[in-house]
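Trainee: Residue numbers (the working numbering): 3 to 308.
Supplied in structure tokens, the structure appears directly below.
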């Protein structure tokens, strides 16, 4: 599935390659292509440890508890596709058109891990007090967002900030310039599962499907299914197959899922939690009960002193 880098015009580097799909009539014509793109991980990440690549038990424990936060703190932000990969996205379309003999870009969908900044264009900025609003990350910090329902498909969910790179390397512009590309899907942000149409292309997410990492409530974890028609791949259908739909509402370890859903690692996370109506209602209720208990205790002390 991962051709050797440079082995053909369809394979640029580890993680960046094309998977052309031929017509079912045996003609050899390429009807569409799946593009895999290596979006990197962290920008200029510094090596941790004692200089020899080793970590102490204490250091590793801290890292394991919040690996994403520690990696991001030690870096210049999230990674991006290399300049060569961005250029390859255009060049590979020309190669596919050459193989088809007509020079035309073929319908293509791209997959990568880290989303580009254009994913924020699927959102709408709102006041900070808006229920369920999510505060942006890094370059978008200080601004709160909800899904823009005018561009997002029904069933879309925004559960956390879009963790994109601090720089825009022009990947989406390259996709548009190349022609043929109709969608770009990413992962990375485990609680997001929206699909929006902006810049003449679909930008979408799949959330986490497992239970060994942070994520949304059990019933929202799952995988994204794609269905393509050979005669019109661009008119694809996609939907989520969730744990709630396939198995049931709860997992076997809901306590862990609860903490994974509500875990916070910074002040932005705290503010996002407070915008969740269930959390704010619970805190208000707990505060009211606490105040009532304190008031009852004070009245008791005053009666005893009289």
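Heads up, the beta-carbon is just placed ideally off N, CA and C, and yes, glycines get one too.
1) Below 8 Å between beta carbons: does that hold for residue 194 and residue 118?
2) Just to confirm my understanding: we take residue 186, look at its own chain, exclude 5 residues before and 5 after, and list those with CB closer than 6 Å. What are they?
3) So what's residue 204 in DSSP terms, helix, strand or just coil?
4) Consult DSSP for residue 179 and reduce its assignment to one of helix, strand or coil.
5) Just list the residues that DSSP pairs residue 111 with in beta bridges.
6) Does the beta-carbon of residue 179 have 16 or more other beta-carbons within 10 angstroms, so that it is buried, or is it exposed?
7) Could you pull the start and end residues of the alpha helix (DSSP H) that residue 226 belongs to?
8) Evaluate residue 106 with the Cβ neighbour count: other Cβ atoms within 10 Å of its Cβ, from every protein chain shown; 16 or more gives buried, anything less gives exposed.
9) From the DSSP secondary-structure annotation, give me the bridge partner or partners of residue 129.
10) Could you check whether residue 35 and residue 110 sit closer than 8 Å to each other, using their CB atoms as the reference points?
11) Would you tell me roughly how many angstroms separate the C-alpha atoms of residue 264 and residue 236, rounded to the nearest one?
12) Let me make sure I understand the geometry here. Which of 165, 156, 19 has the alpha-carbon closest to that of residue 142?
13) Taking the C-alpha atoms as reference points, what is the distance between residue 192 and residue 37?
14) Would you tell me roughly how many angstroms separate the C-alpha atoms of residue 92 and residue 213, rounded to the nearest one?
15) Keeping to the same chain, check which residues put their C-beta closer than 6 Å to that of residue 11; ignore five residues upstream and five downstream.
16) Measuring straight from C-alpha to C-alpha, what distance separates residue 1 and residue 25?
17) Would residue 127 pass as a contact of residue 146 if the rule is Cβ separation under 8 Å?
18) To the nearest whole angstrom, what separates the beta carbons of residue 242 and residue 271, a pair I think is in contact under 8 Å?
19) Is the CB-CB distance between residue 277 and residue 133 below 8 Å?
20) Quick one: is residue 215 buried, meaning 16 or more other Cβ sit within 10 Å of its Cβ, or exposed?
Mentor: So, from the data block:
1) With respect to the 8 Å criterion, residue 194 and residue 118 are not classified as neighbours on the basis of their beta carbons.
2) Hits under 6 Å: 112, 205.
3) Strand at residue 204.
4) Helix.
5) According to DSSP, residue 111 bridges with 36, 185.
6) Residue 179 is exposed by the Cβ-count criterion.
7) Counting along the chain, residue 226 falls outside any alpha helix (DSSP H), though it belongs to the beta strand (DSSP E) covering 224 to 229.
8) Exposed.
9) Checking the DSSP bridge columns, you'll see residue 129 has no partner listed.
10) Yes, these two residues count as a Cβ contact at 8 Å.
11) When rounded, the distance between both Cα atoms is 37 Å.
12) Nearest in C-alpha terms to residue 142, of all of 165, 156, 19, is 165.
13) Distance between the alpha carbons of residue 192 and residue 37 is about 22 Å.
14) Each residue's alpha carbon lies about 37 Å from the other.
15) Excluding five sequence positions before and after residue 11, the CB atoms of its chain that fall closer than 6 Å to its own CB belong to 97, given in chain order.
16) Absent from the model: residue 1. The displayed extent of the chain is 3 to 308, so no value can be given.
17) In terms of Cβ geometry, residue 127 and residue 146 form a close pair [threshold 8 Å].
18) Actually they do not touch by this definition, with Cβ atoms about 24 Å apart.
19) Contact: yes.
20) Residue burial is scored here from C-beta neighbours: residue 215 has fewer than 16 other C-beta atoms within 10 angstroms and is therefore classed as exposed.
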